[in-house]
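Colleague:
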Amino acid sequence: MEQTCTRRPSLSDFLVVANRLPVTRGGAGQEETAWRRSPGGLVSALEPVLRRARGAWVGWAGCSDQQVAPFTLDGMRMHPVSLSARDVAGYYEGFANATVWPLFHDAIVSPTLIRDWWQRYVEVNTRFAEATALAAAPGATVWVHDYQLLLVPAMLRTLRPDVSIGFFLHIPFPPTELFMQLPWWPDLLRGMLGADLVGFQLARDADNFRRTADMRGLATAPPGSGGGGHVHMGGRAVRVDAFPVAADGAVLASLARSDAVRRRARQMRAELGDPRTVILSVDRLDYTKGVPQRLDALDKLYAQRRLDVDRHVTVQIVTPSRERIPQYRELRKQVETRVGRINGAHGRLGQPAVRYLHRSVDRDEMAAFLVAADLMLVTPLRDGMNLVAKEYAACHPDGDGALVLSEFAGAAAELDAAYLVNPYDTDQLARMISTALDDAPDDRRRRMSTLHEQVLRRDVHTWAREYLSALGATRTDAHRRTVVGGDRPRPRAAAGAPTAGDLWREQ
Ligand code: ADP
Ligand code: G6P
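All residue numbers in the sequence shown are consecutive under numbering that gives the first Met the number 0, ending with 506.
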């Protein structure tokens, strides 16, 4: 292992604990030393929250077999947890992403059960809990995130009973029968119940969780009572509730209004040949996102000449994701084969039907794409929330544009003014795309204005405040402090550490 530095971490009053730090080193064909923004909605949501709170983040730096010293990034203290290549294979690519991830997403692909992976998961969760216990000040507030760290709340409670522990799951929580397919489900349940507050995206996730707790005789409020309630665990009442995650609405809306982004959006449309309609999709390349099904619907529309390449250009942007896991490699092949087939059948020389980008883009470029798009297709087969849908609505303050949204995205529970669709039914999906394109301009505008208002009214800072004040209310501990929106002094950056610019750099 490359040894860089072993300094004792400073103590923090507010910590986020997540598998990944907001910046990642190496991977995706990058040099091992280059830092880039980490992919996914969890980072998009938490990074603005933690930056404002000037808290600390415990997470993996994305490289294996390397010790990365703690560093400061834009006022946030980073505590890297190191993973060996075997940890990455067993804990991250194995148990977290080939067992829990598919199972919690309705087993869209079959979850793999391997006992060694579970052992790694336990070991790595222990390491995260230990790193957090070392970094937390007395009475600190610790917010643990997502399916990679389900055991951390209980482990941390054993190590540090003085801290306030929140847990939030960004992905769906499955129905009891699915969850119980995991031989280790009681351990995972106990792990989550180490928190004072267990938060979910939707009331139905919270209901599923409480039904499962009920199987162990732990639930105290009837499922179906709106997702809220308590579960009794080891003499403690653990609050369980729904807190739908939100987008950084105001920042995106003002970016979308900025001259630079508007100019770039116009330039993009010109580069696409100034078509009448730009259709856009932006996804992490994951089988939950329904990319092949969506391409099939577009294929139909181009074949039936309801879309034609002179007037309608489709842009599909995908972020590379989990590329060493076989199902993800297979998905990439499926997607790229379809894009090739559609362009071969319906495109013309220099005028493809689908423009395909397999890379991350920086925040301003992303905002320009969202502004440039007349129609946004967000059609996951299953998604805890889907921030792209909310980001698109945030980028359309003037009511232009239209959003076709899957009923199976958590976002659909709030954004019901979108054109809602069942993404498994490619005929319905094709029809809904046509409807959204042909709808009366006033109706489209009314829908989009409603969506924009919604995402601005409740942004990511509201989400964090709602969650953290509910967490605060679970403890009457005198040590507790206010953590969101505080004015803490900025620690100085360490030499060689990533800079704030790395959060937004193109991959
Ligand atoms: P997930 O968390 O499953 O990836 P979300 O839609 O909730 O899905 O969040 C994805 C986040 O990643 C959004 O904030 C979106 O803007 C960002 N994103 C997705 N694709 C790209 C890309 N190609 N380049 C840059 N950011 C991307
Ligand atoms: C989703 C998960 C996050 C994860 C992200 C990116 O948003 O909920 O926990 O970080 O995908 O996935 P990755 O495996 O690259 O961290």
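Heads up, the beta-carbon is just placed ideally off N, CA and C, and yes, glycines get one too.
Taking 7 angstroms as the line, does the beta carbon of residue 318 fall inside it for any heavy atom of the ligand ADP?
Modeller: Counting from 1 along the sequence shown, the entry for residue 318 is found at position 319. Because some heavy atom of the ligand ADP lies under 7 angstroms away, the Cβ of residue 318 counts as near it: yes.
Colleague: Between the Cα of residue 57 and those of 297, 99 and 127, spot the shortest distance and give me the residue it belongs to.
Modeller: Indexing the sequence shown from 1 puts residue 57 at position 58. Checked all of 297, 99 and 127; the closest Cα to residue 57 is 127.
Colleague: Measure the C-alpha to C-alpha separation of residue 81 and residue 62 and round it to an integer number of angstroms.
Modeller: Counting from 1 along the sequence shown, the entry for residue 81 is found at position 82. Counting from 1 along the sequence shown, the entry for residue 62 is found at position 63. For residue 81 and residue 62, the distance between alpha carbons rounds to 8 angstroms.
Colleague: Pull up the CB-CB distance for residue 41 and residue 169, whole angstroms please, since I reckon it's below 8 angstroms.
Modeller: Stepping through the sequence shown from its first residue, residue 41 is reached at position 42. Stepping through the sequence shown from its first residue, residue 169 is reached at position 170. Sure, about 5 angstroms apart at Cβ, within 8 angstroms.
Colleague: Quick check on residue 185: buried or exposed, where buried means 16 or more other Cβ atoms within 10 Å of its Cβ?
Modeller: What you label residue 185 is simply residue 186 of the sequence shown in a count that begins at 1. Classification of residue 185: exposed, given that the 10 Å Cβ count is below 16.
Colleague: With residue 60 as the anchor, note down where its beta strand (DSSP E) starts and where it stops.
Modeller: Here residue 60 refers to the residue found at position 61 of the sequence shown. Its beta strand (DSSP E) spans residues 55 to 63.
Colleague: At what residues does the alpha helix (DSSP H) containing residue 169 begin and finish?
Modeller: Within the sequence shown, the letter at position 170 stands for residue 169. It is not in any alpha helix (DSSP H) - residue 169 carries neither H nor E in the DSSP assignment.
Colleague: Return the Cβ separation of residue 355 and residue 375 in integer angstroms, given the expectation that the two are a contact with Cβ distance under 8 angstroms.
Modeller: In the sequence shown, the residue the question calls residue 355 occupies position 356. In the sequence shown, the residue the question calls residue 375 occupies position 376. The pair is not a contact, with the Cβ atoms about 16 angstroms apart (cut-off 8 angstroms).
Colleague: Taking the beta strand (DSSP E) that residue 232 falls in, what are its first and last residues?
Modeller: Here residue 232 is taken as the residue at index 233 of the sequence shown, counted from 1. Run containing residue 232: 229 to 232, per the beta strand (DSSP E) assignment.
Colleague: Between the stretch 295 to 305 and the stretch 339 to 352, do three or more beta carbon pairs fall short of 8 angstroms?
Modeller: yes
Colleague: What number of angstroms, rounded off, separates the C-alpha of residue 72 from the C-alpha of residue 250?
Modeller: Residue numbering aside, residue 72 sits at position 73 when the sequence shown is read from its first letter. Residue numbering aside, residue 250 sits at position 251 when the sequence shown is read from its first letter. So the alpha carbons of these two residues sit roughly 19 angstroms apart.
Colleague: CB residue 323 to CB residue 294, shorter than 8 angstroms?
Modeller: What you label residue 323 is simply residue 324 of the sequence shown in a count that begins at 1. What you label residue 294 is simply residue 295 of the sequence shown in a count that begins at 1. Cβ distance not < 8 angstroms, so residue 323 and residue 294 don't count as in contact.
Colleague: Check whether the Cβ atoms of residue 117 and residue 183 lie closer than 8 angstroms to each other.
Modeller: For the purposes of this step, residue 117 is identified with residue 118 of the sequence shown, where counting begins at 1. For the purposes of this step, residue 183 is identified with residue 184 of the sequence shown, where counting begins at 1. Less than 8 angstroms divides the Cβ of residue 117 from the Cβ of residue 183.
Colleague: Among 310, 14 and 389, which has the Cα closest to the Cα of residue 53?
Modeller: The count along the sequence shown starts at 1 and reaches residue 53 at position 54. By alpha-carbon distance to residue 53, the top candidate from 310, 14 and 389 is 14.
Colleague: Would you check if there are 3 or more beta carbon pairs closer than 8 angstroms linking the stretch 171 to 181 to the stretch 192 to 205?
Modeller: Enough Cβ pairs lie closer than 8 angstroms, so yes.
Colleague: As an exercise, report each continuous beta strand (DSSP E) stretch of at least 3 residues that is fully enclosed by the stretch 331 to 405, in chain order.
Modeller: Assignment of beta strand (DSSP E) within the stretch 331 to 405, counting only whole runs of 3 or more residues, yields 353 to 357, 374 to 377 and 401 to 405 in chain order.
Colleague: Should the stretch 418 to 431 be regarded as contacting the stretch 450 to 466, the criterion being three or more beta carbon pairs within less than 8 angstroms?
Modeller: no
Colleague: Give me, in chain order, the residues of the same chain whose beta-carbon lies closer than 6 angstroms to that of residue 248; leave out the 5 immediate sequence neighbours on both sides.
Modeller: Within the sequence shown, numbered from 1, the residue matching residue 248 stands at position 249. Excluding sequence neighbours, residue 248 sits near 393, 454, 455 and 458.
Colleague: Could you tell me the distance, in whole angstroms, from the CA atom of residue 443 to the CA atom of residue 401?
Modeller: Mapped onto the sequence shown, residue 443 falls at position 444. Mapped onto the sequence shown, residue 401 falls at position 402. Straight through space, the alpha carbons of residue 401 and residue 443 are spaced by roughly 6 angstroms.
Colleague: Taking 8 angstroms as the threshold, find out whether the stretch 305 to 317 comes into contact with the stretch 410 to 420 through three or more Cβ pairs.
Modeller: Result no; under three Cβ-Cβ pairs closer than 8 angstroms.
Colleague: Contact check, residue 79 vs residue 148 under 8 angstroms by CB: the rounded distance?
Modeller: Translated into positions along the sequence shown, residue 79 becomes position 80. Translated into positions along the sequence shown, residue 148 becomes position 149. The Cβ separation is near 15 angstroms, so there is no contact.
Colleague: Roughly how many angstroms lie between the CA atoms of residue 36 and residue 23, to the nearest whole one?
Modeller: Translated into positions along the sequence shown, residue 36 becomes position 37. Translated into positions along the sequence shown, residue 23 becomes position 24. Their Cα atoms are separated by approximately 6 angstroms.
Colleague: Taking just the CA atoms, how far does residue 190 sit from residue 237?
Modeller: Working through the sequence shown from its first residue, we reach residue 237 at position 238. Working through the sequence shown from its first residue, we reach residue 190 at position 191. So the alpha carbons of these two residues sit roughly 12 angstroms apart.
Colleague: Does the Cβ of residue 143 lie closer than 7 angstroms to at least one heavy atom of the ligand ADP?
Modeller: Sequence index remark: in the sequence shown, residue 143 carries index 144 (1-based). No.
Colleague: For residue 437, does the count of other Cβ atoms within 10 angstroms reach 16, so buried, or fall short, so exposed?
Modeller: Reading the sequence shown from its first residue, position 438 is the one you call residue 437. Residue 437 comes out exposed.
Colleague: Determine the closest residue to residue 314 out of 290, 326 and 278, with distance taken between C-alpha atoms.
Modeller: Numbered from its first residue, the sequence shown carries residue 314 at position 315. Among 290, 326 and 278, the Cα nearest to that of residue 314 is on 278.
Colleague: Once DSSP output is grouped into helix, strand and coil, what is the label at residue 471?
Modeller: Numbered from 1 along the sequence shown, position 472 holds the residue referred to as residue 471. If DSSP states are grouped into helix, strand and coil, residue 471 belongs with the helices.
Colleague: In chain order, what residues of the same chain have a beta carbon less than 7 angstroms from the beta carbon of residue 342, not counting five sequence neighbours either side?
Modeller: Position 343 of the sequence shown holds residue 342. Cβ neighbours of residue 342 beyond the five flanking positions: 351, 352 and 353.
Colleague: Under the rule that 16 or more other beta-carbon atoms within 10 Å means buried, what is residue 325, buried or exposed?
Modeller: On the sequence shown, residue 325 is found 326 positions in, with the first residue counted as 1. Exposed, since its Cβ has fewer than 16 Cβ neighbours within 10 Å.
Colleague: Considering only C-alpha positions, which residue in the set 420, 93, 217 and 462 is nearest to residue 115?
Modeller: Position 116 of the sequence shown, counted from the start, is the residue given in the question as residue 115. Among 420, 93, 217 and 462, the Cα nearest to that of residue 115 is on 93.
Colleague: Any heavy atom of the ligand G6P closer than 7 angstroms to the Cβ of residue 18?
Modeller: The sequence position of residue 18 within the sequence shown is 19, counting from 1. Because some heavy atom of the ligand G6P lies under 7 angstroms away, the Cβ of residue 18 counts as near it: yes.
Colleague: Could you tell me if residue 480 is buried or exposed, where buried requires 16 or more neighbouring beta carbons within 10 angstroms of its beta carbon?
Modeller: Here residue 480 is taken as the residue at index 481 of the sequence shown, counted from 1. Any reading at residue 480 must be qualified, since the residue scores a pLDDT of 32, below 50, and its modelled position is unreliable; the value itself is stated next. Result: exposed.
Colleague: At the level of alpha carbons, what is the spacing between residue 210 and residue 271?
Modeller: Counted from its first residue, the sequence shown places residue 210 at position 211. Counted from its first residue, the sequence shown places residue 271 at position 272. Distance between the alpha carbons of residue 210 and residue 271 is about 51 angstroms.
Colleague: Quick one: is residue 269 buried, meaning 16 or more other Cβ sit within 10 Å of its Cβ, or exposed?
Modeller: Translated into positions along the sequence shown, residue 269 becomes position 270. Exposed is the call here.
Colleague: If I follow the unbroken beta strand (DSSP E) through residue 433, where does it start and stop?
Modeller: Within the sequence shown, numbered from 1, the residue matching residue 433 stands at position 434. Not the beta strand (DSSP E): residue 433 falls in the alpha helix (DSSP H), residues 425 to 437.
Colleague: Give the single residue among 347, 333 and 285 whose Cα lies nearest to the Cα of residue 318.
Modeller: Working through the sequence shown from its first residue, we reach residue 318 at position 319. Closest by alpha carbon: 285.
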